[in-house]
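There are 2 protein chains.
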Amino acid sequence: MRGQRIATLDDVARTAGVSRATASRVITGQGPASARARDRVTAAVTKLGYVPDAAARALASRSGTRLAIAVIGHTAAILDDPYVGRVLTTAAHIAAEREVGVSLHWVPLSAPAALAGLAGSRGLSGLVVVNPTQPALETVPRSLRGRVVAIGVGTSGVPSFDVDNRSGTDGVVRHLVTTGRRRIAMVTGPAWLPCVDRARDAYQQIMNETGCETRVVRGDFTAARGAAAAAEIMTRWPDTDAVFALSDLTALGVLDGLHARGVRVPADVAVAGFDDIAFACLSRPALTTSTHPVEEIAAAAAKAVLDRTGDTPATFFPSTLVVRESA
Amino acid sequence: MRGQRIATLDDVARTAGVSRATASRVITGQGPASARARDRVTAAVTKLGYVPDAAARALASRSGTRLAIAVIGHTAAILDDPYVGRVLTTAAHIAAEREVGVSLHWVPLSAPAALAGLAGSRGLSGLVVVNPTQPALETVPRSLRGRVVAIGVGTSGVPSFDVDNRSGTDGVVRHLVTTGRRRIAMVTGPAWLPCVDRARDAYQQIMNETGCETRVVRGDFTAARGAAAAAEIMTRWPDTDAVFALSDLTALGVLDGLHARGVRVPADVAVAGFDDIAFACLSRPALTTSTHPVEEIAAAAAKAVLDRTGDTPATFFPSTLVVRESA
DNA sequence: CTCACACATGAGAGCGCTTCCATGGCAATA
DNA sequence: TATTGCCATGGAAGCGCTCTCATGTGTGAG
Chain A
1399 MRGQRIATLD DVARTAGVSR ATASRVITGQ GPASARARDR VTAAVTKLGY VPDAAARALA
1459 SRSGTRLAIA VIGHTAAILD DPYVGRVLTT AAHIAAEREV GVSLHWVPLS APAALAGLAG
1519 SRGLSGLVVV NPTQPALETV PRSLRGRVVA IGVGTSGVPS FDVDNRSGTD GVVRHLVTTG
1579 RRRIAMVTGP AWLPCVDRAR DAYQQIMNET GCETRVVRGD FTAARGAAAA AEIMTRWPDT
1639 DAVFALSDLT ALGVLDGLHA RGVRVPADVA VAGFDDIAFA CLSRPALTTS THPVEEIAAA
1699 AAKAVLDRTG DTPATFFPST LVVRESA
Chain B
1399 MRGQRIATLD DVARTAGVSR ATASRVITGQ GPASARARDR VTAAVTKLGY VPDAAARALA
1459 SRSGTRLAIA VIGHTAAILD DPYVGRVLTT AAHIAAEREV GVSLHWVPLS APAALAGLAG
1519 SRGLSGLVVV NPTQPALETV PRSLRGRVVA IGVGTSGVPS FDVDNRSGTD GVVRHLVTTG
1579 RRRIAMVTGP AWLPCVDRAR DAYQQIMNET GCETRVVRGD FTAARGAAAA AEIMTRWPDT
1639 DAVFALSDLT ALGVLDGLHA RGVRVPADVA VAGFDDIAFA CLSRPALTTS THPVEEIAAA
1699 AAKAVLDRTG DTPATFFPST LVVRESA
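Given below as structure tokens:
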């Protein structure tokens, strides 16, 4: 600010010698305006450096101007995940078509009420919640739920879109079994994410079917945890011949941890991830994983909330196995 | 919406049987209120599912409630860059200390005026521009510049914070020279980024000093371009013995492209990157690069804009060499 | 020359909220 | 009992904008 007053529409109107209504008409391009008025107003705008205030505009026009993406998580580091970038990128395109902007917000697990604050903003034309939790969603009053959709399943009350974790896990683990692995360990994800349970169930079911022991280690979707998990697994179950991590980032960490212990991949131990992030094909060995139609999911979510498409309780998208070198 | 009207402060006040002023006092916690009023208002809030509208609040209180990060780029894919995630994460923490939220926005190179729209929003308590360009910055009227800082150098008009690209490049390239490389190629970044020129200058200067030929290929900071650049370089200058990429993502792509051609790294060709992203130490061979104090930079920028710290034209942060396996 | 009909314009209400200010009520003091 | 002072409260004025509606101006047809 520096003492500088920000120019308002009033200032523009006064400078141009027209009414506020006329100035507004010229600036928004809505409604009639004479050439003379148009000239005077645009001149005043550039002279004063006028920029309309989005908040006031949204307030007055009773219509949002932004699509918000809220990522729920226990640490802001969640935003480092390339997954979020892909969601945001896609949403930005969908939103741009409808002439609205996008914004990204982080809602700490410890302050779920922030979500309600977002949902209640009239400046928003919609809210997409990534990795929703039931407590967070429940801070949002029912009357506002119509403005919200979720990416990630396991919560009720709003339409949700997610990859089919169950069949995705199934595909990866069966691939490991098919290629002769039997002592398969799994590195899961954060306990508070419902999709993690679904994936672990799928893994356990296959292990039961094939009469194999389950070896589950809790992960948190980070690479660092993956390296630690690798060490933990090889210590507890030295004969492990495959590791499935529910996140590529973690799988990459596992690769690193295994490498550090002199374990060869895939000769000694096969490693598979989940997500197919960009780096998956860049690692050495290239990571076998399951690819997610993140862009499709994000597009569906963005469209659903922007167009207020009826109530679709939960939509699942297929995840497909990508076999590379690590398994 | 679904026909549901969103509850307003008026509704709350009416339900609680108090005036709007009292309701506001209770909800914000500012100003006196009797226990009875407090109870009635909070009851009404939960009953109606009332959530204050941030936009209206910002408008009325004449104070922002959000720190916005705007990333300039030719494609929204810029947001995929882990760099942005780190900036956002750091900013989120700084902002949280001051009880403001953060939001991330993408400003296309083709629509620079979007930046002015952000700068003019009264709902914001500050704006951090990542990868600023002069045209974009110039859409922001002078009176609004006090609310803006930049991460990335080469533009004037607002305080800027950046890594010292020049000395960073210097460190990496000299390391290549020291380890006996002489036919060093460089993969640069997008032409519109001023910092790219600075880095290229530093590279060229060293090449001149050591009497080496310069081999420059244009990059765009993506991995895909890195792979293509590797092919291009090895075709045009088959005797190349080192490649320096001005982005780790690109360097990883170079690694991939080289691997595809059967070139051994670092035996045949050394590869060095720039940024030290998380994956740099996960690649095989692990990437030699230059680490950036991104968190420090982002924190400085966020603090500067939030606290309106005087005019610091341009602040540079040191980038330091990290030697791993690839060079 | 008069009438009707566009078109351009301004006054003003209102979006949901905060905040200043004046008022009313009460307990403590004289 | 009369007075002081404070706390709780409501009225009302805005914040910057959009948009409806009534008014004014100019054109062409009759």
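Order-wise, the sequence lines are chains A and B.
Numbering-wise (this note's numbering), the first sequence opens with residue 1399 and increments by one.
Numbering-wise (this note's numbering), the second sequence opens with residue 1399 and increments by one.
Glycine residues also receive a C-beta, built at the ideal position from the N, C-alpha and C atoms.
Keep in mind it's a predicted model, so treat the numbers as computed, not measured.
CA-to-CA distance, residue j to residue i, given in whole angstroms
i: residue 1626 of chain A; j: residue 1669 of chain A; result: 15 Å
i: residue 1585 of chain A; j: residue 1415 of chain B; result: 55 Å
i: residue 1523 of chain B; j: residue 1510 of chain B; result: 20 Å
i: residue 1580 of chain B; j: residue 1694 of chain A; result: 47 Å
i: residue 1723 of chain B; j: residue 1665 of chain B; result: 10 Å
i: residue 1703 of chain A; j: residue 1526 of chain A; result: 7 Å
i: residue 1616 of chain A; j: residue 1409 of chain A; result: 60 Å
i: residue 1344 of chain A; j: residue 1468 of chain A; result: This structure cannot settle anything about residue 1344 of chain A, because the visible part of chain A is limited to 1399 through 1725.
i: residue 1599 of chain A; j: residue 1692 of chain A; result: 22 Å
i: residue 1699 of chain B; j: residue 1601 of chain A; result: 46 Å
i: residue 1403 of chain A; j: residue 1576 of chain B; result: 56 Å
i: residue 1482 of chain A; j: residue 1411 of chain A; result: 43 Å
i: residue 1487 of chain A; j: residue 1637 of chain B; result: 39 Å
i: residue 1688 of chain A; j: residue 1570 of chain A; result: 7 Å
i: residue 1428 of chain A; j: residue 1474 of chain B; result: 29 Å
i: residue 1440 of chain A; j: residue 1417 of chain A; result: 14 Å
i: residue 1491 of chain B; j: residue 1413 of chain A; result: 42 Å
i: residue 1634 of chain B; j: residue 1583 of chain B; result: 11 Å
i: residue 1711 of chain A; j: residue 1686 of chain B; result: 48 Å
i: residue 1519 of chain A; j: residue 1640 of chain A; result: 48 Å
Three-way DSSP call (helix, strand, coil) for residue i in this model
i: residue 1567 of chain A; result: helix
i: residue 1741 of chain B; result: Limits of chain B in this structure are 1399 at one end and 1725 at the other, which puts residue 1741 of chain B out of reach.
i: residue 1524 of chain B; result: strand
i: residue 1530 of chain A; result: coil
i: residue 1464 of chain A; result: strand
i: residue 1503 of chain B; result: strand
i: residue 1662 of chain B; result: coil
i: residue 1712 of chain B; result: strand
i: residue 1560 of chain B; result: strand
i: residue 1688 of chain A; result: strand
i: residue 1470 of chain B; result: strand
i: residue 1408 of chain A; result: helix
i: residue 1718 of chain A; result: strand
i: residue 1613 of chain B; result: strand
i: residue 1476 of chain B; result: helix
i: residue 1421 of chain B; result: helix
i: residue 1445 of chain B; result: helix
i: residue 1654 of chain A; result: helix
Residue i burial status per 10 Å Cβ neighbour count (16 or more: buried)
i: residue 1545 of chain A; result: buried
i: residue 1563 of chain A; result: buried
i: residue 1606 of chain A; result: exposed
i: residue 1472 of chain B; result: exposed
i: residue 1543 of chain A; result: buried
i: residue 1659 of chain B; result: exposed
i: residue 1400 of chain B; result: Low local confidence applies: a pLDDT of 41 at residue 1400 of chain B is under 50, so the model's placement there is unreliable, and no value is given.
i: residue 1721 of chain A; result: exposed
i: residue 1726 of chain B; result: Residue 1726 of chain B is absent from the structure shown; chain B starts at 1399 and stops at 1725.
i: residue 1589 of chain A; result: exposed
i: residue 1464 of chain A; result: buried
i: residue 1541 of chain B; result: buried
Next item on the list: Report the residues of the segment 1418 to 1448 of chain A with a CB closer than 9 Å to any CB of chain B, ordered along the chain.
Entry: 1444, 1446, 1447, 1448
Margin query: Please list, in chain order, the residues of the segment 1663 to 1697 of chain A that have any C-beta partner in chain B closer than 7 Å.
Written below: 1676, 1677, 1680, 1681, 1682
Notebook entry, point to check: Relative to chain A, which residues along the segment 1617 to 1641 of chain B have a C-beta separation below 8 Å, given in chain order?
Noted result: 1621
Margin query: Please identify, using Cβ separations under 8 Å, the residues of the segment 1517 to 1535 of chain A that lie next to chain B, in order along the chain.
Written below: 1517, 1518, 1519, 1520, 1521
Notebook entry, point to check: How about the segment 1422 to 1440 of chain B and the segment 1431 to 1447 of chain A: do they share at least three Cβ pairs that are nearer than 8 Å?
Noted result: no
Next item on the list: Could you run through the segment 1449 to 1480 of chain A and flag, in chain order, every residue whose CB is less than 7 Å away from some CB of chain B?
Entry: 1449, 1450, 1451, 1452, 1453, 1454, 1456, 1457, 1474, 1475, 1477, 1478, 1480
Checklist line | contact_flag[the segment 1619 to 1635 of chain A, the segment 1647 to 1656 of chain A] where n(CB pairs < 8 Å) is 3 or more | finding: yes
Item checked: Cβ contact check for the segment 1551 to 1563 of chain A and the segment 1593 to 1603 of chain A: 3 or more pairs under 8 Å -> yes
Next item on the list: Please determine if the segment 1498 to 1513 of chain A and the segment 1478 to 1485 of chain B are in contact, where contact requires at least 3 C-beta pairs separated by less than 8 Å.
Entry: no
Item checked: Segment contact, 8 Å Cβ cut-off, at least three pairs: the segment 1671 to 1688 of chain B with the segment 1632 to 1648 of chain B -> yes
Note to self: Three or more C-beta pairs under 8 Å: does that hold for the segment 1674 to 1690 of chain B against the segment 1703 to 1710 of chain B?
What the structure shows: no
Next item on the list: Output, in sequence order along the chain, the residues in the segment 1582 to 1614 of chain B whose CB is closer than 9 Å to any CB in chain A.
Entry: none
Notebook entry, point to check: Along the segment 1645 to 1657 of chain A, what residues have a CB closer than 9 Å to any CB found in chain B?
Noted result: 1647, 1650, 1651, 1653, 1654, 1657
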